[in-house]
Amino acid sequence: MHSRLFRLIERHQRIDELLRFAQQRADSHEVARLRSLKRKAKGLIHRFTMRAA
């Protein structure tokens, strides 16, 4: 696996973990921020895989 793709996937997983913790704390501002970051990370992963394919 390409190292950049690996880092993007790790980042996406880390954001997912942080999002779960924020949801447990009911921190709506943090949840919204993390959802936005997660969406951006997913888009980067998609763009990278489409370019590499």
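Reminder that position 53 of the sequence shown reads as 78 in our numbering, one-by-one numbering, no gaps.
Yeah, the Cβ is synthetic: ideal placement off N, Cα and C, and Gly gets one too.
Run the CB neighbour count on A77, radius 10 Å, all protein chains shown included, and call it buried at 16 or more, exposed below. exposed
Can the beta-carbon of L59 be found closer than 9 Å to that of L44? yes
Helix, strand or coil: which one does DSSP assign to H27? coil
Since H37 contacts A66 with CB under 8 Å, what's their CB separation in whole angstroms? 4 Å
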